[in-house]
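Beneath this line is the structure, given in structure tokens, with notes to follow.
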Amino acid sequence: MTTQWTLVCKQADLVANAGVAAMVNNEQVALFYLPESENKVFAIANWDPIGKANVLSRGLTAHLQGEWVVASPLYKQHYILSSGECLEEDICLPHWKAKLDGDDVYIAEH
Amino acid sequence: MTSIKPLSTNKPHLVVVGNGMVGHHFVEQIIEQGGHENFHITVFGEEPNLAYDRVHLSEYFTGKGAADLAMTDGTLYDDNGVCYFTNSLVTEINRDDKTLLLQDGRTLSYDKLVLATGSYPFVPPIPGHKRDNTFVYRTLEDLDAIRNCAKTVTRGTVVGGGLLGLEAANALKNLGLETSVVEFAPRLMPVQLDEKGGSVLKGMIEGIDVKVYTDTATKEIIDGEDAFHRMNFADGTYLETDLILFSAGIRPQDALAKQSGLAMGERGGITINNHCQTSDDAIYSIGECALWNNMIFGLVAPGYTMAKAAVGHLLDDVTVSFTGSDMSTKLKLLGCDVGSVGDAHAKTQGSKVFVYQDEISQSYRKMVVSEDGKKLLGAVLVGDNSYYDTLLQYYLNAIDLPEQAQSLILPAMDGAPVGLGVDALPATASICSCHNVSKQDISDAVCNGALSVGDVKGVTKAGTGCGGCAALLKKVVDNELLALGVEVSTDICEHFAYTRQDLYNLVKIEEIKSFDALLKKHGKGHGCEICKPAVGSILASVWNDYVLKKEHISLQDTNDRFLANMQKDGTYSIVPRIPGGEITAERLIVMGEVAKEYNLYTKITGGQRIDLFGATLAQLPEIWEKLIAAGFETGQAYGKSLRTVKSCVGSTWCRYGVNDSMKMAIDLENRYKGLRSPHKIKFAVSGCTRECAEAQSKDIGVIATEGGWNLYVCGNGGMKPRHGDLFATDLDDETLVKYIDRVLMFYTKTADRLQRTSVWMDGLEGGLEYLKDVVIKDKLGLCDELEEGMSHIVDTFQCEWKTTLEDPEALKTFRQFVNYEGADKNVVFVEERDQVRPATDLEKQQLIAKVG
Ligand code: SRM
Ligand SMILES: Cc1cc2nc3c(=O)[nH]c(=O)nc-3n(C[C@H](O)[C@H](O)[C@H](O)COP(=O)(O)OP(=O)(O)OC[C@H]3O[C@@H](n4cnc5c(N)ncnc54)[C@H](O)[C@@H]3O)c2cc1C
Ligand code: SF4
Ligand code: FES
Numbered sequence: 001m002t003t004q005w006t007l008v009c010k011q012a013d014l015v016a017n018a019g020v021a022a023m024v025n026n027e028q029v030a031l032f033y034l035p036e037s038e039n040k041v042f043a044i045a046n047w048d049p050i051g052k053a054n055v056l057s058r059g060l061t062a063h064l065q066g067e068w069v070v071a072s073p074l075y076k077q078h079y080i081l082s083s084g085e086c087l088e089e090d091i092c093l094p095h096w097k098a099k100l101d102g103d104d105v106y107i108a109e110h
Numbered sequence: 001m002t003s004i005k006p007l008s009t010n011k012p013h014l015v016v017v018g019n020g021m022v023g024h025h026f027v028e029q030i031i032e033q034g035g036h037e038n039f040h041i042t043v044f045g046e047e048p049n050l051a052y053d054r055v056h057l058s059e060y061f062t063g064k065g066a067a068d069l070a071m072t073d074g075t076l077y078d079d080n081g082v083c084y085f086t087n088s089l090v091t092e093i094n095r096d097d098k099t100l101l102l103q104d105g106r107t108l109s110y111d112k113l114v115l116a117t118g119s120y121p122f123v124p125p126i127p128g129h130k131r132d133n134t135f136v137y138r139t140l141e142d143l144d145a146i147r148n149c150a151k152t153v154t155r156g157t158v159v160g161g162g163l164l165g166l167e168a169a170n171a172l173k174n175l176g177l178e179t180s181v182v183e184f185a186p187r188l189m190p191v192q193l194d195e196k197g198g199s200v201l202k203g204m205i206e207g208i209d210v211k212v213y214t215d216t217a218t219k220e221i222i223d224g225e226d227a228f229h230r231m232n233f234a235d236g237t238y239l240e241t242d243l244i245l246f247s248a249g250i251r252p253q254d255a256l257a258k259q260s261g262l263a264m265g266e267r268g269g270i271t272i273n274n275h276c277q278t279s280d281d282a283i284y285s286i287g288e289c290a291l292w293n294n295m296i297f298g299l300v301a302p303g304y305t306m307a308k309a310a311v312g313h314l315l316d317d318v319t320v321s322f323t324g325s326d327m328s329t330k331l332k333l334l335g336c337d338v339g340s341v342g343d344a345h346a347k348t349q350g351s352k353v354f355v356y357q358d359e360i361s362q363s364y365r366k367m368v369v370s371e372d373g374k375k376l377l378g379a380v381l382v383g384d385n386s387y388y389d390t391l392l393q394y395y396l397n398a399i400d401l402p403e404q405a406q407s408l409i410l411p412a413m414d415g416a417p418v419g420l421g422v423d424a425l426p427a428t429a430s431i432c433s434c435h436n437v438s439k440q441d442i443s444d445a446v447c448n449g450a451l452s453v454g455d456v457k458g459v460t461k462a463g464t465g466c467g468g469c470a471a472l473l474k475k476v477v478d479n480e481l482l483a484l485g486v487e488v489s490t491d492i493c494e495h496f497a498y499t500r501q502d503l504y505n506l507v508k509i510e511e512i513k514s515f516d517a518l519l520k521k522h523g524k525g526h527g528c529e530i531c532k533p534a535v536g537s538i539l540a541s542v543w544n545d546y547v548l549k550k551e552h553i554s555l556q557d558t559n560d561r562f563l564a565n566m567q568k569d570g571t572y573s574i575v576p577r578i579p580g581g582e583i584t585a586e587r588l589i590v591m592g593e594v595a596k597e598y599n600l601y602t603k604i605t606g607g608q609r610i611d612l613f614g615a616t617l618a619q620l621p622e623i624w625e626k627l628i629a630a631g632f633e634t635g636q637a638y639g640k641s642l643r644t645v646k647s648c649v650g651s652t653w654c655r656y657g658v659n660d661s662m663k664m665a666i667d668l669e670n671r672y673k674g675l676r677s678p679h680k681i682k683f684a685v686s687g688c689t690r691e692c693a694e695a696q697s698k699d700i701g702v703i704a705t706e707g708g709w710n711l712y713v714c715g716n717g718g719m720k721p722r723h724g725d726l727f728a729t730d731l732d733d734e735t736l737v738k739y740i741d742r743v744l745m746f747y748t749k750t751a752d753r754l755q756r757t758s759v760w761m762d763g764l765e766g767g768l769e770y771l772k773d774v775v776i777k778d779k780l781g782l783c784d785e786l787e788e789g790m791s792h793i794v795d796t797f798q799c800e801w802k803t804t805l806e807d808p809e810a811l812k813t814f815r816q817f818v819n820y821e822g823a824d825k826n827v828v829f830v831e832e833r834d835q836v837r838p839a840t841d842l843e844k845q846q847l848i849a850k851v852g
């Protein structure tokens with residue numbers, strides 16, 4: 001099956017080395033733009049299951065032990081941007097494949 | 001009758017009865033040593049849950065769930081072929097044919113048996129002890145039942161003023177009950193404390209509104225008049241209470257031993273030898289049910305040592321055995337420090353005693369020493385446990401006491417160090433008693449490559465039991481690293497092999513203006529949430545650039561990035577600056593109007609200003625536009641920067657004021673408001689020595705005198721309150737400001753990230769005197785540079801919110817969603833006391849259910 005891509009926004013809507021929130025099919029997605037990473041853009045759920053609020057797009061990004069991660073702005077757990085895995089707890093967030101195509105930002109449907 | 005057969009295996013069958021902390025530790029240890037290859041292992045536990053951390057049981061009332069307390073979720077057992085059964089009470093042992101009978105009628109055979117059945121709470125047979133609303137405090141189910149009952153009543157009483165009784169009393173108090181403790185003995189904690197110590201503790205506990213009845217025997221419990229129960233005491237008085245919790249000691253759970261005819265102590269307990277074998281070679285007993293040398297050990301550390309000894313014997317390792325255990329304890333009970341070491345009651349023949357008592361700060365300390373005064377035999381501490389670690393080490397390792405032995409319990413005078421350097425500890429010194437880890441074990445771990453406290457914990461398990469040894473553990477690890485010539489890493493993170501102070505100097509000397517430039521030149525990788533905000537703060541301290549400039553934006557923690565404080569539901573609070581707490585009626589009205597328009601929760605803060613809560617990301621710029629139009633500025637409540645300068649009204653209004661504290665406070669707040677610093681900074685100015693502004697609890701405190709101003713530095717409230725130190729007296733306005741400039745800039749230049757001024761100053765070699773030398777006598781020749789640095793910051797101040805409103809690029813980032821105009825549906829408010837507050841999870845579900 002070929003991947004179905006959804007257009008979310010323009011590159012100009014993103015903030016380099018940080019996150020923004022988007023609404024895709026009624027789901028809150030945290031989009032990160034990391035110009036120095038191989039994949040450039042990443043998408044994980046905006047919902048912080050520990051803080052119980054939609055805030056992950058507002059966390060600080062970091063590069064730890066070879067992985068691009070975001071730190072929750074509430075209680076500072078780290079989530080790997082490519083897999084949604086939490087470094088501290090046994091939790092995995094919903095995550096989407098994401099790509100930058102010219103000026104357009106896409107994420108893959110689940 | 002069904003029977004459980006071990007899997008078709010020819011390995012001998014090892015059965016563990018009891019899955020408490022010690023039974024679980026036994027399984028962990030035997031797996032770790034490969035014993036699950038030699039034995040087929042089966043575990044039975046009576047409780048519905050697998051082993052959990054009973055030591056921290058009380059945390060079940062303060063937010064931890066059963067899952068947080070669990071010591072295993074069963075994977076360790078599954079992965080290693082250990083069969084386990086919860087809700088399974090073993091009722092009989094038939095030693096002749098080596099079989100067990102379970103309550104549900106099943107039987108099985110064993111080759112080796114381990115009894116780890118723990119103990120049960122003793123309930124004194126007072127008439128009425130079985131009434132409703134009476135409880136014990138041992139299991140998760142007990143706590144569930146107590147919590148349910150506490151919801152409907154107001155008064156609770158604990159019978160028993162020992163260690164556990166007081167812990168239970170604390171729990172009742174936390175559940176919101178009016179709490180009393182009734183103790184039969186003449187003092188609290190009779191086992192650990194002497195009479196004086198017990199009475200100091202009683203005073204402290206009564207000070208927090210827990211009623212204490214010592215020397216009081218309960219005759220009967222009957223129906224109450226105002227409450228559910230009435231407890232009639234032997235002396236004819238009575239106490240009415242709704243809930244009774246018995247904590248009158250524990251008794252070994254030895255029913256199986258009795259039934260099967262194993263040798264037992266006169267007062268119970270299963271007799272064991274140094275290998276933890278009972279009178280039947282095939283049966284071991286460990287933990288609180290076991291009686292060694294006629295002693296029961298009611299703590300987890302000795303149980304763990306027994307578990308290791310039993311595993312050793314089963315696996316033919318003759319080097320481990322159980323030869324008793326130290327019962328010293330330190331705890332915090334109802335907020336009061338209590339410690340007891342060794343022979344607390346000075347029962348040793350010829351022993352001598354030193355006592356120190358301070359009735360003002362309520363502390364009591366006693367040392368029991370040997371007849372010749374050379375060795376420490378025991379100690380009692382009430383009120384301050386900072387003396388405990390050192391005393392325990394002298395005791396455990398029989399180290400010769402210093403000449404002035406009493407210095408070990410006297411308060412530190414003139415900052416002279418008391419205590420024992422970890423260097424002085426012998427290699428055999430026990431550092432972590434829960435996991436029996438010695439100084440040698442730590443030294444070995446470090447030599448084998450464990451180069452941090454975290455690594456050492458992983459290898460040795462030290463510090464992962466009760467946690468009481470954490471501070472000592474860190475000292476020993478650091479000391480070992482130093483001895484190896486390994487520098488104790490002060491690197492800020494994996495991206496920069498520098499301290500914050502190094503980075504500050506690099507930024508300044510090499511005129512580095514962005515994170516990327518600094519990373520490229522002096523770091524590696526891509527940065528993280530530790531180094532980014534730290535460097536962001538340094539860049540702001542040195543260059544005072546707008547923090548939301550494109551190249552700085554991703555460095556800011558969420559609060560700094562959106563110039564507001566994030567709340568638990570993802571909304572923000574807004575705190576405009578209100579210098580000195582002075583505000584006009586017009587501005588108050590504007591704040592009120594804004595709060596009304598956006599339906600914000602409004603509160604006066606602890607820092608004399610007004611906080612508006614519940615604004616969404618997208619509302620922030622709109623709200624600030626209105627506030628700025630009315631003349632407000634950002635209060636930087638989000639930043640590591642100057643928070644507030646608290647002030648009293650001072651000489652303008654107050655009949656006692658000797659100087660205009662209000663004007664000074666406003667001037668100081670306006671001067672330092674732009675400074676980004678390693679941690680937040682708070683000031684206060686009082687108009688006279690009555691000190692209504694609490695200046696001595698601030699980083700910078702100023703108090704008016706007849707001759708000018710007294711300056712106090714490096715105080716704080718918060719987690720570890722500390723009064724500021726008097727730095728200089730009777731200063732004129734100009735000198736006062738000059739000194740503050742220098743102190744703050746020196747702090748900003750040299751402190752670690754997130755280090756408050758107090759910790760910073762205490763860490764300077766020479767402390768307060770050194771700081772005076774640098775700031776007043778200009779010992780380092782730095783004063784001009786420090787003043788210039790500050791005047792640059794003062795001159796380049798900008799209100800970050802004002803700049804943001806003028807910058808369309810920055811404003812764009814305040815959208816809730818990049819592709820959608822709606823709001824976050826998870827942000828839901830309900831009303832309380834005529835204002836909004838975030839809905840709880842439960843309320844949200846109900847609201848959604850109603851809508852849906
Ligand atoms: C709003 C306020 C409570 C209130 O409703 O009154 C408050 C709220 C917070 N305080 Fe505080 N503190 C507030 C006055 C205080 C005070 C009292 C004072 O300033 O006189 C103290 C003790 C004094 C002191 O700091 O020395 C205080 C000691 C702390 C501490 C402990 C600091 C320490 O050194 O131990 C923290 C934690 C930290 O900073 O790491 C903290 C942290 C916080 C944080 C930032 C916690 C957080 O991350 O969410 C809270 C967010 C503020 C917000 O959302 O706006 N707050 N906090 C007060 C704001 C004052 C203001 O106008 O700016
Ligand atoms: C509130 C509280 C606070 C404490 N604080 C501390 C502290 O700070 N420091 C410290 O060192 N210690 C503390 N303790 C004591 C510590 O919890 C015990 O020393 C430790 O739990 C003993 O472990 P154990 O495995 O021997 O017994 P337990 O943990 O009691 O485990 C025994 C288990 O065996 C089960 N069992 C009994 N009989 C049978 C049977 N016939 N068949 C099947 N299963 C059976 C029981 O249900 C129980 O689950 C505290 C205890 C409590 C209750
Ligand atoms: S400190 Fe108190 S007594 Fe002194 S001027 Fe201020 S308000 Fe008046
Ligand atoms: S002494 Fe309990 S964890 Fe170390």
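Protein chains in written order, with the UniProt record's numbering: chain U, 1 to 110; chain E, 1 to 852.
C-beta: ideal position from N, C-alpha, C; glycine also.
Quiz item: Taking Cβ-Cβ distances below 7 Å as the criterion, which residues of the stretch 543-558 of chain E are in contact with chain U?
Solution: I553, S554, D557 and T558
Quiz item: Quick one, are the C-beta atoms of E:Y110 and E:L100 less than 8 Å apart?
Solution: yes
Self-check item: Residue range of the beta strand (DSSP E) that includes E:R837
Solution: Q835 to P838
Exercise. Use the C-beta contact count for E:L842: other C-beta atoms within 10 angstroms, 16 or more gives buried, fewer gives exposed.
Key: exposed
Exercise. Confirm the yes/no value for this check: CB of E:S58, any heavy atom of ligand 2, distance under 7 Å.
Key: yes
Quiz item: Does E:N819 come within less than 8 Å of chain U when only Cβ atoms are used?
Solution: yes
Exercise. With a 10 Å radius around its C-beta and 16 neighbouring C-beta atoms as the bar for buried, classify E:D834 as buried or exposed.
Key: exposed
Exercise. Starting from E:P576, follow its DSSP beta bridges and name the residues at the other end.
Key: E:T634
Quiz item: How would you write the range of the alpha helix (DSSP H) that E:V507 sits in, first residue to last?
Solution: R500 to I509
Self-check item: Check: E:S88 C-beta below 7 Å from any heavy atom of ligand 2
Solution: yes
Quiz item: Any heavy atom of ligand 2 within a distance shorter than 7 Å of the CB on E:R138?
Solution: yes
Practice problem: Kindly indicate which residue of E:T750, E:G156 and E:Q192 has the alpha-carbon position closest to the one of E:S180. | Solution: E:G156
Quiz item: In whole angstroms, what is the alpha-carbon distance linking E:V827 and E:T689?
Solution: 47 Å
Quiz prompt | Proximity test, Cβ basis, 8 Å: U:C9 and chain B | solution = Of the protein chains in the structure, U and E, none is chain B.
Self-check item: Residues from the stretch 508-527 of chain E in contact with chain U, defined by Cβ distance under 7 Å
Solution: G525, H526 and G527
Quiz item: What does E:M566 reach in chain U if we use C-beta pairs closer than 9 Å?
Solution: A53, V55, R58, P73 and L74
Practice problem: Give a yes or no on whether the minimum CB-CB distance between U:D13 and chain E is below 8 Å. | Solution: yes
Exercise. Taking C-beta pairs closer than 7 Å, name the residues in chain E that U:A18 reaches, listed in chain order.
Key: I553 and S554
Exercise. For the beta strand (DSSP E) containing E:W709, list its first residue and its last residue.
Key: G708 to V713
Self-check item: Boundaries (first-last residue) of the beta strand (DSSP E) holding U:H78
Solution: H78 to I80
Practice problem: Check whether the Cβ of E:V54 lies closer than 7 Å to any heavy atom of ligand 2, and answer yes or no. | Solution: At residue 54 of chain E the sequence reads Arg, which differs from the Val that was named. Correct: E:R54 has its Cβ closer than 7 Å to ligand 2.
Quiz item: chain E partners of U:L64, CB-CB under 8 Å?
Solution: E494 and C528
Quiz prompt | Three-state class that DSSP yields for E:N80 in the structure shown | solution = coil
Quiz item: Is U:K97 helix, strand or coil when you go by DSSP?
Solution: coil
Quiz item: Should E:N19 be counted as a contact of ligand 2 given a C-beta to heavy atom distance under 7 Å?
Solution: yes
Practice problem: Alpha carbon to alpha carbon, how far is E:C434 from E:T218? Give it in angstroms, no decimals. | Solution: 36 Å
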